[in-house]
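**Student:** I have a structure here, written as structure tokens, and I will follow up with some questions on it.
Chains as they are written, first to last, in my numbering: chain A, 245 to 701; chain B, 245 to 701.
In structure tokens:
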């Protein structure tokens with residue numbers, strides 16, 4: 245429906261002069277591809293895609309749009325899951341994809357400066373040549389941009405060890421909603437000179453400023469890595485084991501939970517093969533990685549747990565990949581059943597096991613025909629509740645699950661953010677005083693409310 | 245001169261009713277002890293010390309003070325070094341010391357909730373019973389409060405490994421300047437539900453809200469620890485060695501730099517003994533700590549560096565303490581020479597060695613009679629430039645050193661904050677756009693500007 249929305253002629257002329265024809269895209273077909281998220285759930289309307297080349301052009305775009313009252317949706321790789329990077333009410337899309345410069349790795353400080361539009365996998369390739377790595381990795385690595393990962397405080401597969409994007413953010417450049425450009429990319433490990441603007445922009449989902457470049461801390465790429473798939477009879481056994489391993493295995497890098505039903509599904513769709521002779525109720529996939537061979541430590545840690553039903557260990561890359569496929573193929577396998585409602589939540593660790601057992605019942609009560617698929621980052625308490633068999637706009641399941649989470653003291657968004665998808669439930673986690681503080685901060689940095697107006701608060 | 249400043253009678257009456265006589269201290273002698281920082285450099289005036297018992301009383305204090313236009317300086321252990329916790333222009337002191345509750349350690353999530361007034365050493369004792377530790381440690385541990393450490397994003401001795409306070413802040417409770425109370429202490433490792441208010445309050449130096457309680461992540465207390473004192477001929481050799489060790493020693497926990505002159509001073513004042521037969525120009529003290537004995541890794545790492553002149557290793561606690569005394573006795577030893585100007589700065593690692601060599605010249609040009617003492621957290625690029633022999637209010641040395649730092653791309657405050665001491669130089673690190681954003685955020689959360697008005701911007 246791109247053709248139904250138009251830019252004011254004067255704004256169009258100014259943007260064309262600023263960005264040139266390559267930077268102002270109004271071709272309906274191209275624009276349409278930017279109006280929908282990759283899951284197909286969130287589809288909006290918008291008159292144009294703006295493709296600035298550099299920070300100065302981004303600042304120019306924000307200035308023009310402020311002057312004409314045109315709202316803006318910043319967009320990176322558009323791999324988000326909460327509808328935060330597509331327009332909803334006729335906003336223009338501001339694509340950061342052309343700001344993809346990657347500076348040389350700073351060896352001594354172990355940092356790198358990259359443009360917001362740099363794709364994660366490309367940055368990973370650049371850093372790995374120096375035996376260093378971006379500390380955050382996620383399945384969408386071939387599309388997700390670093391700017392988008394910062395804007396959403398992305399988590400992913402190694403949060404257990406390294407934390408989310410905010411922890412590694414050593415500097416930021418952004419055009420704030422008030423039109424000003426801030427640039428603080430010096431990359432100092434310690435710098436207590438005022439408020440943490442970088443940390444505030446991180447996770448703000450494009451509502452405070454348009455991130456144009458970031459300085460990231462890197463981590464050493466471990467020379468040894470072992471993967472193990474461990475089977476359990478109960479969710480409680482799995483959760484308790486991971487809590488124990490977090491203490492006994494300092495080099496524990498990932499601990500991913502999934503179910504026997506999930507393994508059955510990914511094996512049926514051909515995405516992976518079950519290494520065990522029989523199916524078990526619960527699985528935990530662990531990665532342990534460090535400067536020494538962690539095999540002995542891992543074996544001792546696994547054998548210290550009475551509840552373990554079975555274990556498969558992989559030390560070489562092909563067999564590690566085969567085990568990881570059991571986890572990573574969950575998303576495509578579930579998609580073959582229909583477009584899922586993806587509910588990304590955190591539970592307090594003390595409530596996690598009971599939630600894993602109870603949540604399918606919560607879903608069934610709200611939608612008897614739906615099926616529930618559970619997987620997630622069990623060491624962080626982070627569960628991805630995937631529900632299939634519910635209409636895209638039927639939010640009864642979402643409501644029931646998120647209330648269940650909040651009642652247990654959990655978070656309704658672990659790592660995906662609020663976007664538009666969870667905006668109506670934000671009050672489950674945040675008090676009126678907090679929401680008021682959010683609005684006050686937003687008005688302070690984006691006084692005309694032109695940045696991602698449909699998102700967050 | 246506390247007796248020269250008075251609270252408005254109506255405010256006094258309301259505060260007395262709210263806090264009772266124990267919570268509203270106007271005795272001139274007691275008040276006076278809260279009006280000066282521990283170095284004696286910053287001394288202000290103020291009519292009273294308020295000592296609320298809980299968060300509700302803090303909220304009441306902020307409400308009364310807003311109504312009467314009385315400005316407030318939050319104060320924890322008053323161990324800061326930039327004059328940020330003493331009043332300057334007649335503000336009341338809001339002491340958080342009575343909010344010292346310490347909740348039980350949450351074993352599974354490895355977290356703890358403590359009141360803002362809890363003293364670091366007391367929290368350390370509580371967590372160490374569970375083989376867990378607060379990830380930030382500093383020399384002022386017997387006085388510094390956790391609330392103050394969060395308000396200033398304290399760093400200290402283990403930042404190299406664990407980062408500063410902000411990284412470990414899993415939740416916060418605070419009374420904002422607008423009078424509202426926010427409380428988000430659930431302690432979830434992943435929680436992307438809106439702006440990072442906790443991270444924003446962390447390092448805001450009491451200007452946005454009064455922190456009343458925090459939820460902290462803890463780390464495993466390593467079972468093995470080795471300390472080594474390593475001597476170098478040049479600053480460049482020391483800096484390069486630490487950069488190498490940061491990569492080759494994943495369990496490197498601290499890397500502290502000091503000079504031969506500094507060792508001479510601490511040995512003369514009786515604070516420590518030199519383990520070597522001859523004095524060397526530069527020293528690095530390293531701690532390596534982990535789940536396995538790191539002695540072999542450390543020996544290999546040290547012997548891989550050609551520039552090492554001498555090395556002393558300590559594996560037991562008394563000998564480790566003897567080596568650490570060489571570093572920790574710097575502060576008292578320097579104080580015997582007079583009240584130093586303490587300039588806490590970060591240099592980019594590539595500029596650090598040259599700065600260490602050049603900065604005494606910068607000081608000498610500004611104040612020929614002054615002496616310069618250098619020590620710091622070399623792995624982070626953090627140097628404490630101590631200058632003795634300059635009058636407390638003579639800021640020419642401060643100006644010269646901070647300009648030198650900024651010219652090299654460094655930070656004028658690594659871990660102490662801005663306070664009042666560095667406010668006039670904040671522009672060296674922060675652009676007008678950033679300062680404008682700081683002011684906008686401050687006005688958003690403290691619209692009447694009653695919180696620590698003399699501090700930061």
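Just so you know, even glycine gets a beta-carbon here, dropped at the ideal spot from N, CA and C.
#1: For residue 367/A and residue 507/B, I'd like the C-alpha separation in whole angstroms.
#2: Pull up the DSSP beta-bridge partners for residue 348/A, would you.
#3: What did DSSP end up calling residue 599/A once you bin it into helix, strand or coil?
#4: DSSP three-state call for residue 273/B: helix, strand or coil?
#5: Between which residues of its own chain and residue 498/B is the CB-CB distance below 8 Å, once the five residues before and five after are set aside?
#6: Please list the segments of the beta strand (DSSP E) lying wholly inside the stretch 469-539 of chain B, counting only runs of 3 or more residues, in order along the chain.
#7: Going by CA-CA distance only, name the one from 333/B, 253/B, 665/B that's closest to residue 311/B.
#8: Helix, strand or coil: how does DSSP classify residue 576/A here?
#9: Would you report the Cα separation of residue 246/B and residue 418/A, rounded to the nearest angstrom?
#10: Residues in the stretch 526-539 of chain A with C-beta within 9 Å of chain B's C-beta atoms, listed in sequence order?
#11: Compute the beta-carbon to beta-carbon distance between residue 629/B and residue 618/B, rounded to the nearest angstrom, for a pair I have assumed lies under 8 Å.
#12: With distances taken from CA atoms, which of 557/B, 525/B, 666/B is nearest residue 646/B?
#13: Short check: CB of residue 391/A to CB of residue 689/A, under 8 Å?
#14: Assuming residue 589/A and residue 557/A make a contact with CB atoms under 8 Å, what is their CB distance in whole Å?
#15: For residue 423/A and residue 615/B, I'd like the C-alpha separation in whole angstroms.
#16: Under 9 Å, CB to CB, which of the residues in the stretch 476-492 of chain B have a partner in chain A?
#17: Spatial neighbours of residue 275/B within its chain, please: CB distance less than 7 Å, with the 5 preceding and 5 following residues excluded, ordered by chain position.
#18: Is it buried or exposed for residue 296/A, if we count other Cβ within 10 angstroms and need 16 for buried?
#19: Start and end of the beta strand (DSSP E) containing residue 459/B?
#20: Fully enclosed by the stretch 603-691 of chain B, which alpha helix (DSSP H) runs are 4 residues long or longer?
#21: Which of the three DSSP states, helix, strand or coil, is assigned to residue 318/B?
#22: Where does residue 553/A sit, in a helix, a strand or coil, going by DSSP?
#23: In terms of alpha-carbon separation, which member of 611/B, 385/B, 399/B lies closest to residue 361/B?
#24: When you compare the CB of residue 674/B with every CB in chain A, is at least one pair closer than 8 Å?
#25: In three-state terms, what does DSSP make of residue 543/A?
#26: Check the C-beta distance from residue 482/B over to residue 501/B and give it rounded, since I have them as a contact under 8 Å.
#27: So that I know if they touch, is there some Cβ in chain A lying closer than 8 Å to that of residue 254/B?
#28: Buried or exposed for residue 601/A, going by 16 or more other Cβ atoms inside 10 Å?
#29: Assuming residue 306/A and residue 458/A make a contact with CB atoms under 8 Å, what is their CB distance in whole Å?
#30: Measure from the C-beta of residue 678/A to each C-beta in chain B and report whether the shortest distance is under 8 Å.
#31: Between residue 510/B and residue 561/B, how many whole angstroms is the CB-CB distance? I'm expecting something under 8 Å.
#32: Taking only beta-carbon atoms, is residue 693/A less than 8 Å away from chain B?
#33: Helix, strand or coil for residue 464/A, going by three-state DSSP, please let me know.
#34: Between residue 408/B and chain D, is the shortest Cβ-Cβ distance under 8 Å, so that the two count as touching?
#35: Can you name the residues of chain A whose CB is closer than 7 Å to the CB of residue 549/B?
#36: Taking the straight line between their C-alpha atoms, what separation do you get for residue 341/A and residue 357/A?
**Tutor:** So, from the data block:
#1: 44 Å
#2: For residue 348/A, which the question treats as bridged, DSSP gives no partner whatsoever.
#3: helix
#4: helix
#5: 401, 402, 404, 405, 529, 530, 531, 621, 623
#6: 496-503, 526-534
#7: 253/B
#8: helix
#9: Residue confidence is low: residue 246/B scores 39 on pLDDT, short of 50, so the model does not pin down where it sits. Its coordinate-derived value is still stated next. Rounded to the nearest angstrom, the two C-alpha atoms are 46 Å apart.
#10: 534, 535, 536
#11: 6 Å
#12: 666/B
#13: no
#14: In fact, because the Cβ distance is near 30 Å, the residues do not count as touching under 8 Å.
#15: 46 Å
#16: 483, 484, 487, 490, 491, 492
#17: 246, 269, 290, 292, 293
#18: buried
#19: 453-461
#20: 640-651, 676-689
#21: strand
#22: strand
#23: 385/B
#24: yes
#25: helix
#26: 6 Å
#27: no
#28: exposed
#29: No, residue 306/A and residue 458/A are not in contact; Cβ-Cβ is about 18 Å, not under 8 Å.
#30: yes
#31: Incorrect: roughly 20 Å between the Cβ atoms, too far for contact.
#32: no
#33: strand
#34: Protein chains A and B are contained in the structure displayed, whereas chain D is not.
#35: None at all; the shortest Cβ gap to chain A is about 15 Å.
#36: 16 Å
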